[in-house]
Amino acid sequence: MTITFIGHGYVGLVTASVFADLGNKVWVIGHTKEKIENLKKGIIPIYEPGLAEIVERNIKAKRLLFTLDYKEAIPESKIVFIAVGTPPKENGEADLSVVLDVAKKIAKHLGRYTVVVTKSTVPVGTYKKIKTIIEKDKLGTSSFDVASIPEFLREGQAISDTLHPDRIVIGTESQKAQDLLVELHKPIDGNYVLTNIETAEVIKYASNAFLATKISFANAIAYFSELTGADGLSVLKGIGLDKRIGREFLNAGAGYGGSCFPKDVKALIAIAHAYGYDFDLLRDVEKINRNAILNIVSKAKKLLGGNIQNKKIGILGLAFKPDTDDMRDAPSIVIINKLLENKAKIKAYDPVSVKNAKKILRNVEFVNNSYDVAHDSDLLIVLTEWNEFRQLDLQKIKKLMKKPLLLDGRNIYDPKIMEELGFSYMGVGR
Ligand SMILES: NC(=O)c1ccc[n+]([C@@H]2O[C@H](COP(=O)([O-])OP(=O)(O)OC[C@H]3O[C@@H](n4cnc5c(N)ncnc54)[C@H](O)[C@@H]3O)[C@@H](O)[C@H]2O)c1
15 MTITFIGHGY VGLVTASVFA DLGNKVWVIG HTKEKIENLK KGIIPIYEPG
65 LAEIVERNIK AKRLLFTLDY KEAIPESKIV FIAVGTPPKE NGEADLSVVL
115 DVAKKIAKHL GRYTVVVTKS TVPVGTYKKI KTIIEKDKLG TSSFDVASIP
165 EFLREGQAIS DTLHPDRIVI GTESQKAQDL LVELHKPIDG NYVLTNIETA
215 EVIKYASNAF LATKISFANA IAYFSELTGA DGLSVLKGIG LDKRIGREFL
265 NAGAGYGGSC FPKDVKALIA IAHAYGYDFD LLRDVEKINR NAILNIVSKA
315 KKLLGGNIQN KKIGILGLAF KPDTDDMRDA PSIVIINKLL ENKAKIKAYD
365 PVSVKNAKKI LRNVEFVNNS YDVAHDSDLL IVLTEWNEFR QLDLQKIKKL
415 MKKPLLLDGR NIYDPKIMEE LGFSYMGVGR
């Protein structure tokens, strides 16, 4: 089948490449000449494990094609996916300007029957806006349907998540569109939820809001446990082993971040408000998350004896989670800026996100490995649980540091072992 993806970010490029790998002819439309020229050569604009190889293979096979020109791709495509960003506006609502702009461009080049699918996360009812735009601007003879197939992939595991999703949600308003979309997804295992478009649109926000709630719940329990002398991590294990609750995503740490949870929680609050429902629960989820992030700064201060000023603080990990270079809304940004406000000197290392971090963080010295971070530091803070931090030579780290103080914002080390090694150690909830 010939299909098109508009947008070549974490969602667009991964899903486009996987569908090309499954044998489809896939066009990817971008809007930046330089990026499209690079993509044609197999140079990808994001870090995602395994993606470069799939892109290269499918470019060679002429199944994956990149263009700036809608005219080249849209007329021959049976399905067009909109996979552009929907960032938050000042008031928390999702900014749909790019989604609606590309809908206009699609309309002008529709050929035969086409299904236009939103893969971007969009507020319930957005499909009606897209439909109105396309109806107004489409060519005389072309026919189309709109649909929603929300994306649930996780950065860092995006390819495997696309090939083996927990579920495939397909929201349509015609049998013809549903049949075509089910046919495209046939080689992918997963439970299908075939439903109407409103339901598909709500499922996406509800999923992310629930996951964010689970993280904030874990952080609240961890905080409370610290006050009582209970071991927060054992409490979370004890809760999570109940199958009705589940162990995954029930971890305490430096708060959630990234390009999805913060913006989607905000957007769902705004969407609910527009429908007359005050989603107080989610406001608390946000508040707890903010406190979990700021709590790292309080703990840093405590470990440093109450004074951050002029202290050299080393940061291990900047990305909002491991295996990605995505710095959008990473907790590290808030924490580092707060430490800088308190006049600390910051040195940082991340295996892949430094290039993106440099665009966001000022007055930070970026170094090339964990040992350079440790060198002459008064305190080390782990903010991303990259695997390479798990088995560092901690004896060497200790020798390099001015003082052996370690704040483990992701609970990757064993407190007992850290104590035996002579570190003053603090985790979250323990
Ligand atoms: N990143 C994730 O883990 C994830 C997971 C599920 C859903 N989503 C949702 O998917 C959508 C895309 O997210 P993402 O992380 O891939 O974003 P991204 O920022 O990585 O990618 C967005 C893409 O849109 C392109 N774009 C921007 N303006 C354009 C225009 N005018 N014309 C054509 N292309 C344009 C950009 O060049 C980029 O390739 C968002 O709605 C997001 O909420 C993201």
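Just so you know, we're using the numbering used here here: the sequence shown kicks off at 15 and counts up by one. Note that CB positions come from ideal geometry on N, CA and C, so glycine has one too.
Opposing strand residues paired with residue i [DSSP bridges]
i: SER162; result: THR132 and GLY185
i: LYS39; result: THR16
i: LEU208; result: ILE184
i: ALA108; result: PRO102
i: THR213; result: Answer is none; THR213 lacks a bridge partner.
i: LYS326; result: LYS359
i: VAL94; result: THR18 and VAL130
i: PHE80; result: VAL42
Residue i at chain B interface by Cβ criterion, 7 angstroms
i: LYS47; result: Chain labels in this structure do not include chain B; a single protein chain is all it has.
Rounded C-alpha distance that separates residue i from residue j
i: LEU408; j: GLY443; result: 22 angstroms
i: ASP364; j: ILE58; result: 19 angstroms
i: MET432; j: ILE60; result: 35 angstroms
i: THR213; j: LYS39; result: 29 angstroms
i: ILE307; j: ILE347; result: 10 angstroms
i: ALA34; j: ASN72; result: 6 angstroms
i: ASP294; j: ALA281; result: 13 angstroms
i: ARG297; j: ILE217; result: 19 angstroms
i: GLY170; j: ASP180; result: 16 angstroms
i: LYS416; j: PHE275; result: 37 angstroms
i: LYS133; j: PRO164; result: 5 angstroms
i: LEU394; j: ILE310; result: 12 angstroms
i: TYR427; j: GLY243; result: 19 angstroms
i: LYS74; j: LYS54; result: 10 angstroms
i: ASP245; j: ALA232; result: 12 angstroms
i: VAL387; j: LYS251; result: 32 angstroms
i: GLY320; j: PRO345; result: 22 angstroms
i: TYR385; j: ILE253; result: 37 angstroms
i: LYS325; j: GLY436; result: 20 angstroms
i: GLY125; j: VAL94; result: 12 angstroms
i: VAL292; j: LEU82; result: Sequence inspection shows Asp at residue 292; the Val mentioned does not correspond to that position. Whole-angstrom Cα-Cα distance: 42 angstroms.
i: PRO429; j: TYR439; result: 7 angstroms
i: LEU177; j: PRO89; result: 27 angstroms
i: ILE144; j: LYS152; result: 12 angstroms
i: VAL249; j: THR16; result: 51 angstroms
i: ASN52; j: GLU86; result: 18 angstroms
i: GLN405; j: GLU399; result: 11 angstroms
i: ASN401; j: GLY290; result: 45 angstroms
i: VAL299; j: ILE283; result: 11 angstroms
i: LYS372; j: LEU27; result: 24 angstroms
i: ASN382; j: LEU318; result: 25 angstroms
i: LYS369; j: ASP340; result: 10 angstroms
i: LEU332; j: ARG304; result: 17 angstroms
i: LEU247; j: VAL396; result: 17 angstroms
i: TYR84; j: THR46; result: 13 angstroms
i: VAL366; j: LYS257; result: 35 angstroms
heavy atom of ligand 1 below 6 angstroms from residue i C-beta
i: SER188; result: no
i: HIS45; result: yes
i: THR81; result: no
i: VAL112; result: yes
i: GLU169; result: yes
i: THR398; result: no
i: TYR270; result: no
i: THR135; result: yes
i: ILE17; result: no
i: VAL131; result: no
i: TYR24; result: yes
i: ILE20; result: yes
i: GLY125; result: no
i: GLU149; result: no
i: GLU448; result: What is shown of the chain runs 15 to 444, which leaves residue 448 out entirely.
i: VAL116; result: yes
i: GLY185; result: no
i: ALA100; result: It is Thr, not Ala, that sits at residue 100 in the sequence shown. For ligand 1, at least one heavy atom lies less than 6 angstroms from the Cβ of THR100.
i: SER14; result: Only positions 15 to 444 of the chain appear in the structure, and residue 14 is not among them; the question remains open.
i: SER8; result: Here the chain has residues from 15 to 444 only, and residue 8 is not among them.
i: SER273; result: yes
_Completely contained alpha helix (DSSP H) runs for the region 363-441, where each covers 4 or more residues_ = 368-374, 384-388, 408-414 and 429-435
*Segments of 3+ residues assigned as beta strand (DSSP E) that fall wholly inside the region 228-289*: none
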